[in-house]
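Just so it is clear: in the sequence shown, position 238 is 1399 by the numbering used here, and no numbers are missing.
I have placed the structure first, in the form of structure tokens, so that the comments after it can refer back to it.
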Amino acid sequence: MSKKNKSQSEFKQEWNKNNSTLINRSPNTVLIVVLIAASLIRFWMWPVMQYHHDELSALMRTRFLTFSDLISHGVWIDGHPAFTQVFLWTWTALIGYSPPLVKLPFILSGVVSVYLIFILARTLFSAKSAYVSAALMAVLQYSVVYSQWARPYAFGLMFMLWAFYYLIEYSQNDRKVSLLGFAVFAALSAYTHYFALLQIIVLSALWFVFKLKNKQKRWFLLSSIFAFILWLPHLNITLHHLSLGGIGDWLQEPKPNYWMNLLGYSFHYSWFLVIPIVIAFVIYFFRGRFNRSALLMQGLLFGSWIIPYLIAYYYSIQVSALMHFGTMLFTFPSLVLISGSFFSQFDAAMSKIVTLFVLIFGIFSLTERSHFHLNIKTEFQDPIHVLNEFSREIKVSPLFDLRPDAVRFIDEKELESMQEVQLIEPLIENNGLAQYVNNLSSNAVFLVTHAGTPKEVLAQVLNRFPRVDRVYPYQSATAYLLFKPLNDDLAKEKQRVNLDGKEYGEPSVYTPIDSLNNSNIVIQSHWIGERYNSGMLVVEWKSSTDESLWKSSALSPFTTVDSVYTSGMAFDLRDLPDFDKGGTITAYVWNKGLDSIGFEAVEFEQVPSNKLRYGLFRRIKK
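Below is the structure:
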């Protein structure tokens, strides 16, 4: 029977069979529920979303009048490919710098990626696998976080998944038009993030060797050449970025347990999300209904998950550290697809129940991990809202240790009014922080610090404002509302030891209390003598596993009361190596100039801290 004489229903069946699986002709209730959940999670608190540090850094590099200046000063120095920076430059010129609007395309890309995972899982395995895979992609924090950041990750992930889809489409159906889609999205991946490109290269190599027929390989190579031609205008920028050597100035070399930390984070450090997958794997394995094609797919996906990781790990150890969860994001879909594949032998009802379980517990787990606080509110904008709240009742002096250029940008774009904020960095540069804090007439200070804040700052402010009233946690910063003491008894008569001619003062030893609520340790030393000397306050940490760390700070005075000077440092105990295994802190004065210093015993105090710090990526202990 010719196509002309076929019935309408027969023709429709043939059309659905031969055309792209991206189009599902009948409503899929389970998929709709998953996509609604993915959208609600990503758009939760959308109108009040704020910018993180990296987003502000990118947005500050959009203030160029010409495209040439954007490339020269906004892309060339960045280390990331040009696509996202060019997009932000164009997008902000149209809609301004409102965080919800700037983030909108990235959030939508995250939702599209959930849909693409469903299509990929259904194509590679089954609809039952697809439901679970899509649910995991919808709720796992790994994909949610980077969907809500105006950075290259969401676009790069989406482009990479599109390219992967067209690669599979070509390998299964031999549709050469799919190669055009592959070439375009492979090039877009390369324009967006270098690790998205790496993932495409690894996937392409695996499919080329194990899945493509001989007659398909030539056409695939031609499409790869076409993708390279599309990307060729970016080659000079890429070669320059490679010469930068990586981002090892703020990243450390990965430790051997990095892989386990990454795997733990992928499932919220929660056995409740892992157990269904483990059970499914056991059932899948012992039933023995192995499909050679499915096993090959699982093996290829495993290779595409582990090979980029090994490449990045080797480069980070041998050349320059560049591994963080963001760079590894593009391997995450392979892990999700593998996890979902074990449910292919479940009946349809059970796979839907598991899908519902993943959605419900995933959302619950996001709440337990304080995701909607840590990823929505940031130290650059939220402290202003907090400050405005309690400034109506009390006089508070705002003292922020934030990037001055970021603060100026926020004020310039009218995202928040930063006029009343005193920044710490210029005070430190002019050695004026102590004097500024000492001269404050207010009874309270609202102090914002981050991980890189000098160790002396918190100790210095606490010396004059020692009462910690409230702590406001952020992902990479902490805000403190601090009050003056109830009485002004700062200088107490204590026994002093004259270090004239002595190189070291008597050491003081302290064993910290393992308390996350009070994990800041403040170390202070009171002394008399010459204001300017060569003395140092030295702090040493030694864990029970013999891990050690030491820091020193000049005896520059914080405060002066009745000719008694105070110096000090402050640490978050969680930054000390192997702190959770126990250890001791030793502090002493190193009188390296053999000056005449009247030294009192070092004082230790643990004060409230940010228990959610780095909680977007690390395990949170409640």
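We treat Cβ as the ideally placed atom computed from N, Cα and C, and that holds for glycine.
All values reported here derive from a predicted model rather than from experimental measurement.
Task: Counted within 10 angstroms of its Cβ, other Cβ atoms place Asp1543 as buried (16 or more) or exposed - done: Residue 1543 sits at position 382 when you count from the first residue of the sequence shown. By the Cβ neighbour-count rule, Asp1543 is buried, with 16 or more other Cβ atoms within 10 Å of its own.
Task: Leu1651 to Val1598 span [Cα, whole Å] - done: What you label residue 1651 is simply residue 490 of the sequence shown in a count that begins at 1. What you label residue 1598 is simply residue 437 of the sequence shown in a count that begins at 1. Reliability of the predicted coordinates at Leu1651 is poor, the pLDDT of 47 falling under 50, and no value is obtained from them.
Task: Endpoints, the beta strand (DSSP E) within which Tyr1258 is located - done: Position 97 of the sequence shown, counted from the first residue, corresponds to residue 1258. Looking at the DSSP string, Tyr1258 is not in any beta strand (DSSP E), and its letter there is neither H nor E.
- [ ] Use the C-beta contact count for Val1725: other C-beta atoms within 10 angstroms, 16 or more gives buried, fewer gives exposed.
- [x] Working through the sequence shown from its first residue, we reach residue 1725 at position 564. Val1725 should be labelled buried.
TODO: Assuming Val1683 and Ala1731 form a contact by the criterion Cβ under 8 Å, report the distance between their Cβ atoms to the nearest whole angstrom.
DONE: Along the sequence shown, read from residue 1 onward, the residue named residue 1683 stands at position 522. Along the sequence shown, read from residue 1 onward, the residue named residue 1731 stands at position 570. Contact holds; Cβ gap of about 5 Å.
TODO: Could you have a look at Leu1773 and say whether DSSP puts it in helix, strand or coil?
DONE: In the sequence shown, the residue the question calls residue 1773 occupies position 612. If DSSP states are grouped into helix, strand and coil, Leu1773 belongs with coil.
Open item on the list: By the DSSP assignment, the alpha helix (DSSP H) with Phe1325 in it spans what residues?
Closed with: Taking the first residue of the sequence shown as 1, we reach residue 1325 at position 164. According to the DSSP assignment, Phe1325 belongs to the alpha helix (DSSP H) that extends over Pro1313 to Asn1334.
- [ ] Would you identify the three-state DSSP class for His1402, choosing helix, strand or coil?
- [x] Indexing the sequence shown from 1 puts residue 1402 at position 241. Three-state result, His1402: helix.
Open item on the list: At 4 residues or longer, what runs of the alpha helix (DSSP H) sit wholly inside the segment 1526 to 1557?
Closed with: For the segment 1526 to 1557, whole alpha helix (DSSP H) runs of length 4 or above, ordered along the chain, are 1532 to 1535 and 1543 to 1551.
TODO: Could you have a look at Met1210 and say whether DSSP puts it in helix, strand or coil?
DONE: Here residue 1210 corresponds to residue number 49 of the sequence shown, with the count starting at 1. DSSP, read as helix, strand or coil, puts Met1210 in coil.
- [ ] Please determine, among Leu1367, Phe1320 and Ser1332, the residue with the shortest C-alpha to C-alpha distance to Val1112.
- [x] No answer is possible for residue 1112: it lies beyond the span of the chain, which begins at 1162 and ends at 1783.
Task: 6 Å CB neighbourhood of Arg1116 in its chain, flanking five on each side removed - done: In the structure as shown, the chain begins at 1162 and stops at 1783. Residue 1116 is therefore absent and cannot be evaluated.
- [ ] Tell whether a beta-carbon distance below 8 Å holds between Thr1223 and Leu1249.
- [x] On the sequence shown, position 62 is the one that residue 1223 refers to. On the sequence shown, position 88 is the one that residue 1249 refers to. Result yes, Cβ atoms of Thr1223 and Leu1249 sit closer than 8 Å.
Task: For Leu1721, the first and last residue of its enclosing beta strand (DSSP E) - done: Position 560 of the sequence shown, counted from the start, is the residue given in the question as residue 1721. The sequence given here has Thr at residue 1721, not Leu. Looking at the DSSP string, the run of the beta strand (DSSP E) that includes Thr1721 is Thr1720 to Val1722.
- [ ] Kindly confirm or deny that the segment 1266 to 1273 and the segment 1201 to 1209 touch, where touching means at least three C-beta pairs closer than 8 Å.
- [x] Yes, since at least three Cβ pairs between the segment 1266 to 1273 and the segment 1201 to 1209 fall closer than 8 Å, the two stretches touch.
TODO: Rounded to whole angstroms, what's the CA-CA distance from Arg1186 to Val1300? Just pull it up for me.
DONE: As a first step, residue 1186 must be located in the sequence shown, where it is residue number 25. As a first step, residue 1300 must be located in the sequence shown, where it is residue number 139. Legend: pLDDT at Arg1186 = 47, less than 50; position of this residue unreliable, no value from coordinates given.
Open item on the list: Here's a check: name, in chain order, each residue in its chain whose Cβ is nearer than 8 Å to the Cβ of Lys1663, leaving out the five neighbours to either side.
Closed with: Position 502 of the sequence shown holds residue 1663. Hits under 8 Å: Asn1752 and Leu1755.
Task: Beta-carbon gap between Thr1745 and Lys1703 smaller than 8 Å - done: To locate residue 1745, count along the sequence shown from 1; it is residue 584. To locate residue 1703, count along the sequence shown from 1; it is residue 542. For Thr1745 and Lys1703, yes; Cβs fall inside 8 Å.
- [ ] Can you check DSSP and say which residues form a bridge with Asp1733?
- [x] If you number the sequence shown from 1, residue 1733 lands on position 572. According to DSSP, which records beta bridges pairwise, Asp1733 is partnered with Asn1681.
Open item on the list: Assuming the contact rule is C-beta atoms closer than 8 Å, Thr1251 and Arg1312 should be a hit. Round their C-beta distance to whole Å, please.
Closed with: Counting from 1 along the sequence shown, the entry for residue 1251 is found at position 90. Counting from 1 along the sequence shown, the entry for residue 1312 is found at position 151. That belief does not hold up - the Cβ atoms of Thr1251 and Arg1312 are roughly 16 Å apart, past 8 Å.
Task: CA-to-CA distance, Arg1625 to Gly1666, given in whole angstroms - done: Start at 1 with the first residue of the sequence shown, and residue 1666 comes out as number 505. Start at 1 with the first residue of the sequence shown, and residue 1625 comes out as number 464. The straight-line gap from Cα to Cα measures roughly 25 Å.
TODO: Following the continuous beta strand (DSSP E) through Phe1626, name the residue where it begins and the one where it ends.
DONE: On the sequence shown, residue 1626 is found 465 positions in, with the first residue counted as 1. From DSSP, Phe1626 is part of no beta strand (DSSP E); its letter is neither H nor E.
Open item on the list: Given a cut-off of 8 Å on the beta-carbon distance, is the pair Phe1343 and Tyr1327 in contact?
Closed with: As a first step, residue 1343 is located in the sequence shown; it is residue number 182 there, counting from the start. As a first step, residue 1327 is located in the sequence shown; it is residue number 166 there, counting from the start. A contact, by the Cβ cut-off of 8 Å.
Task: As assigned by DSSP and simplified to three states, the class of Tyr1430 - done: By 1-based counting over the sequence shown, the position of residue 1430 is 269. Secondary structure of Tyr1430 (DSSP, three-state): coil.
Task: Cβ neighbours of Lys1289 in the same chain (closer than 7 Å, five flanking residues each side left out) - done: What you label residue 1289 is simply residue 128 of the sequence shown in a count that begins at 1. So the list reads Phe1504, Ser1505, Phe1507, Ala1509 and Ser1512, once near-sequence residues are dropped.
TODO: Identify which residue in Tyr1749, Leu1231 and Glu1330 has its Cα closest to the Cα of Ala1254.
DONE: Taking the sequence shown and counting its residues from 1, the one referred to as residue 1254 is at position 93. The shortest C-alpha separation from Ala1254 is found at Leu1231.
TODO: Alpha carbon to alpha carbon, how far is Leu1405 from Gln1583? Give it in angstroms, no decimals.
DONE: Within the sequence shown, residue 1583 is the residue found at index 422, counting from 1. Within the sequence shown, residue 1405 is the residue found at index 244, counting from 1. Each residue's Cα considered, the two are about 34 Å apart.
Task: Backbone CA spacing between Tyr1426 and Tyr1303 [nearest angstrom] - done: If you number the sequence shown from 1, residue 1426 lands on position 265. If you number the sequence shown from 1, residue 1303 lands on position 142. When only Cα atoms are considered, Tyr1426 and Tyr1303 end up about 7 Å apart.
TODO: Tell me, to the nearest whole angstrom, how far the beta carbon of Gly1759 is from that of Trp1688; I am working on the premise that it is less than 8 Å.
DONE: As a working mapping, residue 1759 is identified with position 598 in the sequence shown. As a working mapping, residue 1688 is identified with position 527 in the sequence shown. Gly1759 to Trp1688, Cβ: 6 Å. Contact.
Open item on the list: Give me, in chain order, the residues of the same chain whose beta-carbon lies closer than 6 Å to that of Phe1570; leave out the 5 immediate sequence neighbours on both sides.
Closed with: In the sequence shown, the residue the question calls residue 1570 occupies position 409. For Phe1570, where only same-chain residues beyond five positions count, the Cβ hits under 6 Å are Met1221.
Task: Local conformation of Ile1781 per DSSP, three classes - done: Here residue 1781 is taken as the residue at index 620 of the sequence shown, counted from 1. For Ile1781, the secondary structure class from DSSP, reduced to helix, strand or coil, is coil.
TODO: Within the same chain, show all residues whose beta-carbon is closer than 6 Å to that of Val1209, passing over the 5 residues directly before and after it, in chain order.
DONE: Indexing the sequence shown from 1 puts residue 1209 at position 48. Close CB contacts of Val1209 within its chain, under the 6 Å cut and outside five residues either way in sequence, are absent.
Task: Residues near Val1275 in its chain [Cβ-Cβ closer than 8 Å; skip 5 each side] - done: Along the sequence shown, read from residue 1 onward, the residue named residue 1275 stands at position 114. Here the set comprises Val1195, Leu1196, Ala1199, Ala1295, Met1298, Ala1299 and Ser1304.
Task: Any chain D beta carbon closer than 8 Å to Val1750 - done: Absent from the structure: chain D. Only one protein chain is present.
Task: Straight-line Cα distance separating Ser1728 from Gln1621 - done: Residue numbering aside, residue 1621 sits at position 460 when the sequence shown is read from its first letter. Residue numbering aside, residue 1728 sits at position 567 when the sequence shown is read from its first letter. When rounded, the distance between both Cα atoms is 7 Å.
- [ ] Verify whether the separation of the beta carbon atoms of Pro1261 and Tyr1212 is less than 8 Å.
- [x] Residue 1261 sits at position 100 when you count from the first residue of the sequence shown. Residue 1212 sits at position 51 when you count from the first residue of the sequence shown. Taking the C-beta atoms as reference points, Tyr1212 is found no nearer than 8 Å to Pro1261.
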